[in-house]
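Asks: Let me begin by handing over the structure; questions about it come next.
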Amino acid sequence: MHATDPGLRQSVDSRVRGLCAHRLARAAGRLGRRLGGGLRPEGVPSPAAPVGAVLARGASQDGLPEGKGLRWWGWGTLDRTYPLGDRPGFWPFLDARIGPLDDQLRPVTPLSEIGLPPPRLPPEVLSALRQAVGPDHVSTEHLDRVTHALGKSYPDLIRLRRGEIEHPPDAVISPGSEGEVAAVLRIAGQARVAVVPFGGGTSVVGGLEPVTGPDHVGAISLDLRRLNRLVSVDPASRLAVAEPGMRGPELEAALNTHGFTLGHFPQSWEFSTLGGWIATRAAGHASTAYGKIEDLVVSLRVVTPAGTLVTRTTPASAAGPDLDQLLIGSEGVYGVITQATLRVHPVPEVQDFRALVFRRFQDGLSAIREMLQKGIVPSTVRLSDPFETQGYMALRRVPASRAKRLWDRLGQVVLKGAGYDLRAACLMILGIEGTAEEVKATRREALRVCRGRGAFHLGESAGRAWYRERFDLPYLRDVLLDHGVMVDTLETATTWDNLPHLYARVHQALVGAIQSTGARPWVMCHLSHAYREGASLYYTFLARQTPSREIEQWRVVKQAATEAIMAGGGSLSHHHGVGQDHARWLGREDSEAGVAALRAVKQVLDPAGIMNPGKLFTH
Ligand SMILES: Cc1cc2nc3c(=O)[nH]c(=O)nc-3n(C[C@H](O)[C@H](O)[C@H](O)COP(=O)(O)OP(=O)(O)OC[C@H]3O[C@@H](n4cnc5c(N)ncnc54)[C@H](O)[C@@H]3O)c2cc1C
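Every letter in the sequence shown is one number past the one before it in my numbering, and letter 74, counting from 1, is 101.
Next up, the structure:
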């Protein structure tokens with residue numbers, strides 16, 4: 028049965044109507060779990076959340092179509108969720124791994140009950156800001172301050188849900204041009220107001236909290252959504268110039284009308300922005316072929332407190348160190364990216380997604396390494412470890428028809444018969460893009476390599492299902508948070524020779540750390556992006572939350588995992604960035620002399636230290 032089935036929802040609604048808030052939460056939780064879903068009446072995250080207010084403000088604030096308000100305490104839009112009703116394997120699977128969950132839904136503090144410290148900006152500063160960007164684009168409203176106070180990391184969401192917002196911005200400023208950005212930085216510099224560039228607000232490393240030091244009189248969030256134009260396209264050079272506030276779908280649609288794609292599809296694509304991707308060195312599922320965002324940027328315009336940096340649009344340059352690469356990943360601490368020139372590619376004629384199963388993780392790793400080193404480059408190649416593969420199996424929908432159910436069972440029998448132990452098997456998603464001939468040739472070669480390593484080819488439907496649902500999984504995180512589950516992800520990258528060791532080391536660190544908090548762990552991993560010389564590993568961990576100590580519990584786990592990554596020779600981050608959460612490890616990545624050099628650049632570009640304090644570098 029489907030949890031969003033209209034008839035079912037109606038009966039649920041009538042059952043819950045009239046119950047007091049506390050009983051409603053318990054009833055929805057029990058009923059939801061019995062149905063196998065994270066069920067709650069749609070758009071009602073918790074008994075008392077002020078959905079109406081969010082819908083109304085979210086719609087106007089974010090330029091989303093009516094009724095598509097943002098879930099400020101979680102992911103995405105209110106009209107979407109992750110229904111588990113037709114995935115009956117999931118809750119029993121999770122209970123068996125991390126222990127049974129209680130029926131109590133964890134509430135979200137209503138917006139109206141979130142207390143914020145009063146805005147600190149002196150009236151003359153506010154009035155100068157209003158003059159600079161227009162009075163409609165300076166907000167000190169409660170909702171704007173709440174929605175710009177944090178990002179979307181696990182600890183951010185815990186704090187948002189609890190209504191514990193220690194450092195909201197004093198105002199949210201939305202400039203409409205590069206000139207206005209420069210004017211805002213001038214005012215902020217003179218008044219010693221911290222400035223936090225804000226793109227889509229999807230940071231998962233604490234990149235957005237407007238923390239201030241003793242020298243700051245306040246903090247503003249600089250929301251770049253109004254800088255959202257595709258400025259130009261040069262088809263001859265295959266370049267496009269775009270502003271930083273464009274979200275994924277906007278930018279892609281605009282490029283598609285010219286026959287081009289950026290090929291950059293992070294899982295946060297629907298809500299994150301070009302400026303945020305560049306500021307964090309983001310990666311998307313197709314980055315193995317198209318490159319990470321740093322490979323796609325040709326030149327930049329960046330407004331800093333010391334002036335505007337403009338780099339040249341040329342295919343290559345030997346004029347000293349690469350300034351673009353210094354600015355990419357600077358997380359708003361040097362200045363504000365106001366324009367980028369990007370490499371674009373023709374929209375692929377064919378996209379071919381399929382799935383394979385390997386007997387062991389190592390076999391899949393060897394196949395990917397062989398492919399990349401032979402120059403066989405899929406756009407997407409993801410290899411799940413056995414734990415994640417089991418998680419995928421548990422999340423499978425019940426096949427709709429009897430014939431499909433039989434076919435499904437037959438598939439499992441064939442796999443077992445062919446010697447694949449489903450507890451050890453590893454799922455690979457393989458995506459290939461290009462012209463029909465290119466796709467055909469790459470597919471043939473890629474499948475040959477994979478079969479050589481013992482892969483079983485599952486065909487297209489599992490690959491296509493992954494592609495269809497690739498932006499849905501983040502909605503499951505909110506369901507899990509509702510049910511008191513700690514769920515977070517972290518990622519790293521290393522060379523092929525070190526990859527199996529790092530994989531095991533981080534897995535063990537996560538398991539040990541979660542156990543030390545008294546919880547039972549479920550730790551999963553997949554190889555998310557591959558290179559000729561190595562690959563990235565992306566972990567997801569789940570455990571029951573330690574009630575009232577959720578953030579402390581998370582810190583224990585995060586600390587242990589990051590230590591394991593650094594000691595094990597991995598990168599501090601492959602694509603999430605540094606933010607506040609990783610800042611104290613940056614010296615281990617870049618060496619202390621390297622961090623001193625990066626700090627010296629900040630001293631030159633931002634002498635008053637107003638740009639995004641506390642990110643990238645520790646205070
Ligand atoms: C569910 C989920 C899935 C995710 N999937 C991926 C993924 O697949 N790949 C990936 O790489 N990341 C992923 N992320 C992380 C996040 O989406 C990325 O870091 C993204 O690049 C942030 O973009 P944003 O527009 O939301 O930036 P924000 O979160 O608003 O900002 C991120 C940082 O960049 C700075 N910044 C933003 N805009 C500018 C600008 N114009 N100039 C200067 N600084 C700026 C901010 O101050 C902040 O420090 C995911 C996050 C979530 C919650």
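We treat Cβ as the ideally placed atom computed from N, Cα and C, and that holds for glycine.
1) Please name the residue or residues paired with residue 197 in a DSSP beta bridge.
2) Check whether the segment 244 to 251 touches the segment 390 to 406, taking contact to mean three or more Cβ pairs, one atom from each stretch, closer than 8 Å.
3) In this structure, how does DSSP classify residue 135 when only helix, strand and coil are distinguished?
4) Would you give the residue range spanned by the beta strand (DSSP E) that residue 460 belongs to?
5) DSSP state of residue 572, grouped into three classes?
6) Should residue 352 be listed as close to ligand 1, given that the test is whether its C-beta is under 6 Å from any heavy atom?
7) Is residue 229 near ligand 1, judged by its Cβ being under 6 Å from some heavy atom?
8) Would you kindly check if the distance between the Cβ of residue 285 and the Cβ of residue 260 is under 7 Å?
9) Per the DSSP calculation, residue 282 is bridged to which residue(s)?
10) Quick check on the DSSP output: what are the complete alpha helix (DSSP H) runs of length 4 or more inside the segment 334 to 377, in order along the chain?
11) Could you compute how far the alpha carbon of residue 456 sits from the alpha carbon of residue 387?
12) Can you list, in chain order, the residues of its chain with a C-beta nearer than 8 Å to that of residue 633? Leave out the 5 residues immediately preceding and following it.
13) Do three or more CB pairs link the segment 487 to 506 to the segment 537 to 556 at distances below 8 Å?
14) Using 8 Å for Cβ pairs, my map puts residue 514 next to residue 564. What's the rounded Cβ distance?
15) Could you tell me which of 327, 353, 534, 300 sits nearest to residue 341, measuring between CA atoms?
16) According to the Cβ coordinates, are residue 270 and residue 254 closer than 7 Å?
17) Identify the residues that DSSP records as bridge partners of residue 247: which are they?
18) Roughly how far, in whole angstroms, is the beta-carbon of residue 198 from the beta-carbon of residue 165, given that I think they are within contact range, below 8 Å?
19) Below 8 Å, can you find three or more Cβ-Cβ pairs linking the segment 180 to 190 to the segment 129 to 140?
20) Using a Cβ distance threshold of 8 Å, determine whether the segment 528 to 545 contacts the segment 485 to 499, with at least three qualifying pairs required.
21) Pop quiz: residue 550 and residue 414 are said to be a contact at Cβ under 8 Å. What is the actual Cβ separation, rounded to whole angstroms?
22) Tell me whether residue 267 sits in a helix, a strand or coil according to DSSP, three-state version.
23) Tell me whether the beta-carbon of residue 382 lies closer than 7 Å to the beta-carbon of residue 485.
24) Please return the same chain residues whose Cβ sits closer than 7 Å to the Cβ of residue 631, not counting the five positions on each side in sequence.
25) Beta-carbon within less than 7 Å of residue 220's beta-carbon, same chain only, minus the 5 sequence neighbours each way: which residues are those?
26) Straight-line CA distance for residue 355 to residue 324?
27) At the level of alpha carbons, what is the spacing between residue 619 and residue 629?
28) Thinking just about the alpha-carbon of each residue, which of 406, 412, 376, 241 is nearest to the one in residue 384?
29) Let me check understanding here. Comparing Cα to Cα, which of 276, 577, 205, 180 lies closest to residue 367?
30) Skipping 5 residues on each side, what residues in its chain have a beta carbon closer than 8 Å to that of residue 216?
31) Could you work out which residue in 611, 612, 580 is closest to residue 182 when comparing CA atoms only?
32) Please classify residue 448 as buried or exposed, where buried requires at least 16 neighbouring CB atoms within 10 angstroms.
33) Using the beta-carbon count (16 or more within 10 Å), is residue 145 buried or exposed?
34) Beta carbon of residue 639: closer than 6 Å to some heavy atom of ligand 1?
35) Could you tell me the distance, in whole angstroms, from the CA atom of residue 642 to the CA atom of residue 430?
36) Which partner residues does residue 566 have in the DSSP bridge list?
Replies: With the given structure in hand:
1) Looking up residue 197 in the sequence shown gives position 170. Answer is none; residue 197 lacks a bridge partner.
2) Three or more beta-carbon pairs separated by less than 8 Å are not found between the segment 244 to 251 and the segment 390 to 406, which leaves the two stretches without contact.
3) Working through the sequence shown from its first residue, we reach residue 135 at position 108. Assigned with DSSP and collapsed to three states, residue 135 falls in coil, not helix or strand.
4) Here residue 460 refers to the residue found at position 433 when the sequence shown is read from its first residue. Taken as a continuous stretch (DSSP letters only), the beta strand (DSSP E) holding residue 460 covers 453 to 461.
5) Working through the sequence shown from its first residue, we reach residue 572 at position 545. In the structure shown, residue 572 sits in coil (DSSP, three-state: anything other than H, G, I, E or B).
6) Counting from one through the sequence shown, the residue named residue 352 turns up at place 325. No, ligand 1 has no heavy atom inside 6 Å of this Cβ.
7) Reading the sequence shown from its first residue, position 202 is the one you call residue 229. Under cutoff, so the answer is yes.
8) Here the question's residue 260 lines up with position 233 in the sequence shown. Here the question's residue 285 lines up with position 258 in the sequence shown. In terms of Cβ geometry, residue 260 and residue 285 form a close pair [threshold 7 Å].
9) Position 255 of the sequence shown, counting from 1, holds the residue named residue 282. DSSP output for residue 282 lists no bridge partner at all.
10) The qualifying runs are 350 to 354.
11) Numbered from 1 along the sequence shown, position 429 holds the residue referred to as residue 456. Numbered from 1 along the sequence shown, position 360 holds the residue referred to as residue 387. Taking C-alpha positions only, residue 456 is separated from residue 387 by approximately 15 Å.
12) Numbered from 1 along the sequence shown, position 606 holds the residue referred to as residue 633. So the qualifying residues of the chain are 331, 332, 333, 360, 361, 362.
13) With a cut-off of 8 Å, the segment 537 to 556 and the segment 487 to 506 do not count as touching, because too few Cβ pairs lie within range.
14) Here residue 514 is taken as the residue at index 487 of the sequence shown, counted from 1. Here residue 564 is taken as the residue at index 537 of the sequence shown, counted from 1. With a Cβ gap of about 18 Å, residue 514 and residue 564 do not count as contacting.
15) Position 314 of the sequence shown, counted from the first residue, corresponds to residue 341. That would be 327, whose Cα lies nearest to the Cα of residue 341.
16) Taking the first residue of the sequence shown as 1, we reach residue 270 at position 243. Taking the first residue of the sequence shown as 1, we reach residue 254 at position 227. Judged by their CB atoms, residue 270 and residue 254 are nearer to each other than the 7 Å cut-off.
17) Indexing the sequence shown from 1 puts residue 247 at position 220. Residue pairing for residue 247: DSSP places it in a beta bridge opposite 198, 222.
18) Along the sequence shown, one-based indexing puts residue 198 at 171. Along the sequence shown, one-based indexing puts residue 165 at 138. Contact holds; Cβ gap of about 6 Å.
19) Cβ pair count under 8 Å is three or more, so yes.
20) Output reads no: the segment 485 to 499 does not touch the segment 528 to 545.
21) The residue given as residue 550 occupies position 523 in the sequence shown. The residue given as residue 414 occupies position 387 in the sequence shown. Going by Cβ atoms, the distance from residue 550 to residue 414 rounds to 6 Å, so yes, they are a contact pair.
22) Against the sequence shown, residue 267 aligns to sequence position 240. For residue 267, the secondary structure class from DSSP, reduced to helix, strand or coil, is strand.
23) Here residue 382 corresponds to residue number 355 of the sequence shown, with the count starting at 1. Here residue 485 corresponds to residue number 458 of the sequence shown, with the count starting at 1. With respect to the 7 Å criterion, residue 382 and residue 485 are classified as neighbours on the basis of their beta carbons.
24) Residue numbering aside, residue 631 sits at position 604 when the sequence shown is read from its first letter. Around residue 631: 333.
25) One-based indexing of the sequence shown puts residue 220 at position 193. Excluding residues within five positions, the ones whose Cβ falls inside 7 Å are 148, 152, 243, 244, 245, 246, 247, 637.
26) Start at 1 with the first residue of the sequence shown, and residue 355 comes out as number 328. Start at 1 with the first residue of the sequence shown, and residue 324 comes out as number 297. The C-alpha of residue 324 is placed about 9 Å away from the C-alpha of residue 355.
27) Mapped onto the sequence shown, residue 619 falls at position 592. Mapped onto the sequence shown, residue 629 falls at position 602. Distance between residue 619 and residue 629, taken at the CA atoms: about 15 Å.
28) Translated into positions along the sequence shown, residue 384 becomes position 357. Considering only 406, 412, 376, 241, the residue with the shortest C-alpha distance to residue 384 is 412.
29) For the purposes of this step, residue 367 is taken as the residue at position 340 of the sequence shown. For the residues 276, 577, 205, 180, the minimum Cα distance to residue 367 belongs to 205.
30) Translated into the one-based positions of the sequence shown, residue 216 becomes position 189. Excluding residues within five positions, the ones whose Cβ falls inside 8 Å are 332, 635, 637.
31) Within the sequence shown, the letter at position 155 stands for residue 182. Minimum Cα distance to residue 182 is reached at 580.
32) Against the sequence shown, residue 448 aligns to sequence position 421. Residue 448 comes out exposed.
33) In the sequence shown, the residue the question calls residue 145 occupies position 118. Residue 145 sits exposed, since fewer than 16 C-beta atoms from the chains shown fall within 10 Å of its C-beta.
34) Along the sequence shown, one-based indexing puts residue 639 at 612. At least one heavy atom of ligand 1 is nearer than 6 Å to the Cβ of residue 639, so yes.
35) The residue given as residue 642 occupies position 615 in the sequence shown. The residue given as residue 430 occupies position 403 in the sequence shown. Taking the Cα positions, residue 642 is about 54 Å away from residue 430.
36) The residue given as residue 566 occupies position 539 in the sequence shown. 517, 552.
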